[in-house]
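Peer 1:
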Amino acid sequence: MRRVGLWFGLLFLWLPVLLLAGYAFSDSRIPFQWGGFSLRWFHALAQNEQMLESAWLSLRVAAGAATVAMLLGGAIGWVLARRGPFAGRALFGALAGAPLVLPEVVTGLSLLLTFVLLQNLTGWPAERGALTILLAHGTMGAAYVAVVVQARLAGMDGTLEDAARDLGATPATAFRTITLPLMAPSLVAGWLLAFTLSLDDVVVASFVSGAAGTTLPQRVFSMLRMGLTPEVNALALIILLLALLAAGAVLVAMRRRTEM
Amino acid sequence: MRRLPLLLPTLWLVGFVALPLLVVLMLAIAEPGPGVPPFLLPFGWEGGPVLRPNWEPFALLVEDDYYLSAFIRSLWVAGATAGLCLLLAFPMALGIVRAAPRWRAPLLLAVLLPFWTGFLPRVGAWIGLLRDEGWINGILRGLGVIDAPLPLLYSDFALFIGMVHAYLPFAVLPLYASLSRMDLTLEEAAADLGATPATVFRTVTLPLVAPGAAAAFLLVFIPAAGEFVIPELLGPSDALLVGRALWQEFFQNRDWPVAAALAVALLAVLIVPILLFQRLEARR
Numbered sequence: 004m005r006r007v008g009l010w011f012g013l014l015f016l017w018l019p020v021l022l023l024a025g026y027a028f029s030d031s032r033i034p035f036q037w038g039g040f041s042l043r044w045f046h047a048l049a050q051n052e053q054m055l056e057s058a059w060l061s062l063r064v065a066a067g068a069a070t071v072a073m074l075l076g077g078a079i080g081w082v083l084a085r086r087g088p089f090a091g092r093a094l095f096g097a098l099a100g101a102p103l104v105l106p107e108v109v110t111g112l113s114l115l116l117t118f119v120l121l122q123n124l125t126g127w128p129a130e131r132g133a134l135t136i137l138l139a140h141g142t143m144g145a146a147y148v149a150v151v152v153q154a155r156l157a158g159m160d161g162t163l164e165d166a167a168r169d170l171g172a173t174p175a176t177a178f179r180t181i182t183l184p185l186m187a188p189s190l191v192a193g194w195l196l197a198f199t200l201s202l203d204d205v206v207v208a209s210f211v212s213g214a215a216g217t218t219l220p221q222r223v224f225s226m227l228r229m230g231l232t233p234e235v236n237a238l239a240l241i242i243l244l245l246a247l248l249a250a251g252a253v254l255v256a257m258r259r260r261t262e263m
Numbered sequence: 002m003r004r005l006p007l008l009l010p011t012l013w014l015v016g017f018v019a020l021p022l023l024v025v026l027m028l029a030i031a032e033p034g035p036g037v038p039p040f041l042l043p044f045g046w047e048g049g050p051v052l053r054p055n056w057e058p059f060a061l062l063v064e065d066d067y068y069l070s071a072f073i074r075s076l077w078v079a080g081a082t083a084g085l086c087l088l089l090a091f092p093m094a095l096g097i098v099r100a101a102p103r104w105r106a107p108l109l110l111a112v113l114l115p116f117w118t119g120f121l122p123r124v125g126a127w128i129g130l131l132r133d134e135g136w137i138n139g140i141l142r143g144l145g146v147i148d149a150p151l152p153l154l155y156s157d158f159a160l161f162i163g164m165v166h167a168y169l170p171f172a173v174l175p176l177y178a179s180l181s182r183m184d185l186t187l188e189e190a191a192a193d194l195g196a197t198p199a200t201v202f203r204t205v206t207l208p209l210v211a212p213g214a215a216a217a218f219l220l221v222f223i224p225a226a227g228e229f230v231i232p233e234l235l236g237p238s239d240a241l242l243v244g245r246a247l248w249q250e251f252f253q254n255r256d257w258p259v260a261a262a263l264a265v266a267l268l269a270v271l272i273v274p275i276l277l278f279q280r281l282e283a284r285r
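Those protein sequences? They're chains A and B, same order as listed.
Going by the numbering used here, the first sequence opens with residue 4, and the numbers climb by one from there.
Going by the numbering used here, the second sequence opens with residue 2, and the numbers climb by one from there.
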């Protein structure tokens with residue numbers, strides 16, 4: 004009886020996902036109508052040049068943004084967990100956490116206006132597109148990475164680093180041999196989080212690149228505005244399978260690490 | 002060398018977080034103009050420094066009922082979404098905490114996994130479910146409950162379904178975190194001492210999860226207040242919300258100062274919940 008709430012919630016969450024996974028194989032031209040088993044929408048997807056171009060662009064932007072977010076967020080998380088007090092620490096923390104709580108439309112508009120002003124003053128960034136999306140997503144992702152890294156480092160006190168220093172390691176060596184390996188799992192998890200975030204965003208990308216931009220979410224958004232097509236279902240299923248694969252790989256890698 | 006790890010993130014945060022917020026503030030008092038970009042800065046140099054703030058965007062927000070009602074409706078939609086998410090998430094988090102330990106990780110994963118199909122395709126699936134020829138109308142018609150399809154899609158009903166579906170995990174996770182830290186023996190002790198299940202819930206469980214529940218509510222409320230995509234794809238076409246008003250001012254009307262003023266006003270409205278949320282997080 005107690006579990007009813009849990010199962011109801013899970014059913015609610017999964018219903019649309021299962022539905023689109025099933026109908027991705029439907030032969031019918033009308034989305035979400037069964038017309039016998041077929042792989043035609045996967046074929047259609049593979050031949051849709053525009054869609055493939057967008058997917059390629061989005062993957063590159065997401066990988067770049069996730070890498071920026073990992074480096075930047077890793078540094079921020081380390082500063083917040085290990086650096087100790089410094090002037091302006093409260094402001095630093097507030098700025099680092101701001102992208103987590105700002106509504107997307109505010110983030111998108113404020114970054115766009117900044118890019119426009121910078122361009123007028125300095126000529127950089129010369130155009131708005133992949134680069135500006137990458138910078139925006141990198142900034143947003145860094146906030147998430149910082150949270151994960153900070154939590155990981157806060158969960159382990161600094162005694163290991165202190166021991167290394169006592170035994171004569173330079174700060175750089177202590178960081179490389181102790182802190183960095185401790186941070187590694189959270190950096191990987193943070194990278195994946197930032198990557199997914201970037202692949203899912205349509206609002207911020209639209210602001211910083213123009214509403215008719217060409218990332219994959221922007222294309223899917225305009226398709227959904229016009230009306231459904233079954234290709235979206237096939238695409239979603241592919242994304243889900245890739246995500247499952249990535250999550251599985253990370254879980255296996257992390258398990259192997261902790262066993263060693 | 003010791004300064005470098007602090008310097009680079011600081012520069013980035015100043016350039017891409019602090020500066021953009023100041024720029025929005027500045028643009029909100031800029032003069033709209035026909036040029037590219039379509040505004041005139043609120044200060045300049047005409048033989049000497051001049052200030053020319055334009056307060057009309059803010060005056061417009063206050064005077065025009067259109068924007069005021071957008072704000073009221075946005076806050077209502079965000080509040081109702083957060084409330085519904087809490088109602089659904091609480092039994093889910095409780096169910097996961099009370100499950101056998103080896104089931105907890107898979108159950109948590111089951112809450113998170115649907116989110117890897119991508120946000121837009123999931124909204125698309127709801128369009129498929131809710132439209133006139135969709136499953137829900139089909140089942141209701143098959144059961145003979147209705148004769149003509151109910152106009153479910155592009156309604157407030159669809160809007161709330163989409164919002165709750167998108168934000169539910171944001172409510173489950175903080176609730177689960179605070180419930181899993183709770184000492185379950187406290188409930189047993191209260192029950193042993195003769196409290197009824199309802200009294201145990203009211204006097205022990207609820208006070209212990211209150212901070213987690215508040216965090217969950219705010220974590221949904223804050224982004225939901227500015228939501229654009231879900232109302233645009235599932236809600237009534239005339240549903241007036243801040244996120245949509247901002248988008249329209251910017252992309253359709255190309256009135257950047259009014260869009261910036263809307264962003265500033267949204268931030269002003271959300272600043273109390275945002276500070277409250279950060280305080281709750283800091284206390285953990």
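Don't be surprised by glycine CBs; every beta carbon is placed ideally from N, CA and C.
Consider the Cβ of B/Phe-17: report whether some Cβ of chain A lies at a distance smaller than 9 Å.
Peer 2: Along the second sequence, read from residue 1 onward, the residue named residue 17 of chain B stands at position 16. It does: the Cβ of B/Phe-17 has a partner Cβ on chain A nearer than 9 Å.
Peer 1: Quick test of your reading: A/Val-148 and A/Ala-72, contact by CB under 8 Å. State the CB separation rounded to the nearest angstrom.
Peer 2: Within the first sequence, the letter at position 145 stands for residue 148 of chain A. Within the first sequence, the letter at position 69 stands for residue 72 of chain A. About 5 Å; that satisfies the 8 Å criterion.
Peer 1: How close, in whole Å, do the beta carbons of A/Trp-81 and B/Pro-6 come, if the pair is a contact with beta carbons under 8 Å?
Peer 2: In the first sequence, counting from the first residue as 1, residue 81 of chain A sits at position 78. In the second sequence, counting from the first residue as 1, residue 6 of chain B sits at position 5. 7 Å between Cβ atoms; contact.
Peer 1: What is the DSSP secondary structure of B/Glu-189, counted as helix, strand or coil?
Peer 2: Here residue 189 of chain B corresponds to residue number 188 of the second sequence, with the count starting at 1. Of the three classes helix, strand and coil, the one that applies to B/Glu-189 here is helix, per DSSP.
Peer 1: Three-state secondary structure (DSSP) at B/Glu-32?
Peer 2: The residue you call residue 32 of chain B lines up with position 31 of the second sequence. Looking at B/Glu-32 - three-state DSSP - the assignment turns out to be strand.
Peer 1: For B/Gly-45, which three-state DSSP category applies?
Peer 2: By 1-based counting over the second sequence, the position of residue 45 of chain B is 44. The answer is strand: DSSP assigns B/Gly-45 an E or B state.
Peer 1: Any idea what DSSP makes of A/Pro-188, helix, strand or coil?
Peer 2: Numbered from its first residue, the first sequence carries residue 188 of chain A at position 185. A/Pro-188 falls in the helix class under three-state DSSP.
Peer 1: Quick one: complete alpha helix (DSSP H) runs, 4+ long, within the segment 131-216 of chain B?
Peer 2: For the segment 131-216 of chain B, whole alpha helix (DSSP H) runs of length 4 or above, ordered along the chain, are 136-143, 157-181, 185-193 and 198-201.
Peer 1: Can you list, in chain order, the residues of its chain whose CB lies under 8 Å from that of A/Pro-220, leaving out five sequence neighbours each side?
Peer 2: One-based indexing of the first sequence puts residue 220 of chain A at position 217. Closer than 8 Å at Cβ, skipping near neighbours: Ser-61, Leu-202, Asp-203, Asp-204, Val-205 and Ala-208.
Peer 1: Can you check which of these residues, B/Leu-9, B/Gly-84 and B/Gly-96, is closest to A/Gly-12 by C-alpha distance?
Peer 2: Taking the first sequence and counting its residues from 1, the one referred to as residue 12 of chain A is at position 9. It is B/Gly-96 whose Cα lies nearest to the Cα of A/Gly-12.
Peer 1: Is there a Cβ of chain E sitting closer than 9 Å to that of A/Thr-142, yes or no?
Peer 2: Checking the listed chains, one finds no chain E in this structure; the protein chains it contains are A and B.
Peer 1: What residues from chain A crowd round B/Met-93, counting only those whose CB sits closer than 8 Å?
Peer 2: To locate residue 93 of chain B, count along the second sequence from 1; it is residue 92. Chain A residues near B/Met-93: Gly-8, Leu-9, Gly-12 and Leu-13.
Peer 1: Taking the alpha-carbon of A/Ala-47 as reference, which of A/Leu-243, A/Ala-246 and A/Pro-233 has the nearest alpha-carbon?
Peer 2: Within the first sequence, the letter at position 44 stands for residue 47 of chain A. If we check each option's Cα against that of A/Ala-47, A/Pro-233 comes out closest.
Peer 1: Between A/Leu-200 and the rest of its own chain, which residues show a CB-CB distance below 6 Å, the 5 nearest in sequence each way excluded?
Peer 2: Here residue 200 of chain A refers to the residue found at position 197 when the first sequence is read from its first residue. So the qualifying residues of the chain are Gly-144.
Peer 1: Who are the neighbours of A/Phe-40 on chain B, taking C-beta pairs under 7 Å?
Peer 2: The sequence position of residue 40 of chain A within the first sequence is 37, counting from 1. What A/Phe-40 touches in chain B: nothing, since even the nearest Cβ is about 18 Å away.
Peer 1: By the three-class DSSP mapping on this structure, what secondary structure does A/Arg-29 have?
Peer 2: In the first sequence, the residue the question calls residue 29 of chain A occupies position 26. Rather than Arg, the amino acid found at residue 29 of chain A in this sequence is Ser. In the structure shown, A/Ser-29 sits in a strand (DSSP, three-state: E or B).
Peer 1: One question on the structure: do A/Gln-153 and A/Ala-84 come within less than 9 Å of each other, judged by their Cβ atoms?
Peer 2: As a first step, residue 153 of chain A must be located in the first sequence, where it is residue number 150. As a first step, residue 84 of chain A must be located in the first sequence, where it is residue number 81. Going by C-beta atoms, A/Gln-153 is nearer than 9 Å to A/Ala-84.
Peer 1: Just checking my contact of A/Asn-236 with A/Pro-34 at CB under 8 Å: how many whole Å lie between their CB atoms?
Peer 2: In the first sequence, the residue the question calls residue 236 of chain A occupies position 233. In the first sequence, the residue the question calls residue 34 of chain A occupies position 31. Going by Cβ atoms, the distance from A/Asn-236 to A/Pro-34 rounds to 7 Å, so yes, they are a contact pair.
Peer 1: Straight-line CA distance for B/Pro-122 to A/Asn-51?
Peer 2: Within the second sequence, numbered from 1, the residue matching residue 122 of chain B stands at position 121. Within the first sequence, numbered from 1, the residue matching residue 51 of chain A stands at position 48. Each residue's Cα considered, the two are about 17 Å apart.
Peer 1: Could I get the ranges of all uninterrupted alpha helix (DSSP H) runs contained in the segment 51-96 of chain A, with 4 residues as the minimum, in chain order?
Peer 2: The segment 51-96 of chain A contains these whole alpha helix (DSSP H) runs: 52-85.
Peer 1: Rounded to the nearest angstrom, what separates A/Val-150 and A/Thr-217 at their Cα positions?
Peer 2: Within the first sequence, the letter at position 147 stands for residue 150 of chain A. Within the first sequence, the letter at position 214 stands for residue 217 of chain A. Distance between the alpha carbons of A/Val-150 and A/Thr-217: 30 Å.
Peer 1: Can you tell me whether DSSP reads A/Ala-233 as helix, strand or coil?
Peer 2: Sequence index remark: in the first sequence, residue 233 of chain A carries index 230 (1-based). The displayed chain sequence assigns Pro, not Ala, to residue 233 of chain A. Of the three classes helix, strand and coil, the one that applies to A/Pro-233 here is helix, per DSSP.
Peer 1: I need the straight-line Cα distance from B/Thr-186 to B/Phe-202, nearest angstrom please.
Peer 2: Taking the second sequence and counting its residues from 1, the one referred to as residue 186 of chain B is at position 185. Taking the second sequence and counting its residues from 1, the one referred to as residue 202 of chain B is at position 201. Looking at the two C-alpha atoms, the distance is approximately 13 Å.
Peer 1: For B/Ala-225, which residues of its own chain have a beta-carbon under 8 Å away from its beta-carbon, when the five flanking residues on both sides are left out?
Peer 2: Counting from 1 along the second sequence, the entry for residue 225 of chain B is found at position 224. So the list reads Val-78, Ala-79, Thr-82, Ala-83, Met-164 and Tyr-168, once near-sequence residues are dropped.
Peer 1: Compare the C-beta of B/Trp-46 with all C-beta atoms of chain A and state if any pair is closer than 9 Å.
Peer 2: Taking the second sequence and counting its residues from 1, the one referred to as residue 46 of chain B is at position 45. It does not; no Cβ of chain A falls within 9 Å.
Peer 1: What number of angstroms, rounded off, separates the C-alpha of B/Ala-216 from the C-alpha of B/Ile-272?
Peer 2: Along the second sequence, one-based indexing puts residue 216 of chain B at 215. Along the second sequence, one-based indexing puts residue 272 of chain B at 271. About 15 Å.
Peer 1: May I ask you to list the residues that DSSP assigns as paired with B/Leu-52?
Peer 2: For the purposes of this step, residue 52 of chain B is identified with residue 51 of the second sequence, where counting begins at 1. The partner list for B/Leu-52 (beta bridge, DSSP) reads B/Phe-44.
Peer 1: Out of A/Thr-135, A/Ser-189, A/Ala-68 and A/Pro-174, state which residue places its alpha-carbon closest to the alpha-carbon of A/Arg-86.
Peer 2: The count along the first sequence starts at 1 and reaches residue 86 of chain A at position 83. Out of A/Thr-135, A/Ser-189, A/Ala-68 and A/Pro-174, A/Pro-174 has the C-alpha closest to the C-alpha of A/Arg-86.
Peer 1: Quick one, which of B/Tyr-177, B/Leu-41, B/Leu-113 and B/Pro-50 has its alpha-carbon nearest B/Ala-100's?
Peer 2: Within the second sequence, the letter at position 99 stands for residue 100 of chain B. Considering only alpha carbons, the answer is B/Tyr-177.
Peer 1: Between the alpha carbons of A/Met-159 and B/Ser-179, how many angstroms are there, rounded?
Peer 2: As a first step, residue 159 of chain A must be located in the first sequence, where it is residue number 156. As a first step, residue 179 of chain B must be located in the second sequence, where it is residue number 178. Approximately 20 Å between the Cα atoms of the pair.
Peer 1: Looking at B/Ala-260: is its Cβ nearer than 9 Å to the Cβ of B/Leu-242?
Peer 2: Within the second sequence, numbered from 1, the residue matching residue 260 of chain B stands at position 259. Within the second sequence, numbered from 1, the residue matching residue 242 of chain B stands at position 241. Cβ atoms of B/Ala-260 and B/Leu-242: not closer than 9 Å.
Peer 1: Using a Cβ-Cβ cutoff of less than 7 Å, which residues in the same chain neighbour B/Phe-222 once the five nearest sequence positions on both sides are dropped?
Peer 2: Counting from one through the second sequence, the residue named residue 222 of chain B turns up at place 221. Ala-79, Gly-80, Ala-83 and Pro-274, listed in sequence order.
Peer 1: In this structure, does DSSP put A/Phe-210 in helix, strand or coil?
Peer 2: Residue mapping note: residue 210 of chain A aligns to position 207 of the first sequence, counting from 1. Here A/Phe-210 sits in helix by DSSP.
Peer 1: Could you check the C-alpha separation between A/Ala-24 and B/Gly-125 for me, to the nearest Å?
Peer 2: As a first step, residue 24 of chain A is located in the first sequence; it is residue number 21 there, counting from the start. As a first step, residue 125 of chain B is located in the second sequence; it is residue number 124 there, counting from the start. Roughly 12 Å between the two C-alpha positions.
Peer 1: What in chain A is Cβ-close to B/Pro-122, meaning under 8 Å?
Peer 2: Start at 1 with the first residue of the second sequence, and residue 122 of chain B comes out as number 121. Going along chain A in sequence order, the residues near B/Pro-122 (Cβ under 8 Å) are Leu-23, Val-223, Val-235, Asn-236, Leu-238, Ala-239 and Ile-242.
Peer 1: Could you tell me whether the Cβ of B/Glu-134 comes closer than 9 Å to any Cβ of chain A?
Peer 2: If you number the second sequence from 1, residue 134 of chain B lands on position 133. Yes, because at least one Cβ of chain A sits closer than 9 Å to the Cβ of B/Glu-134.
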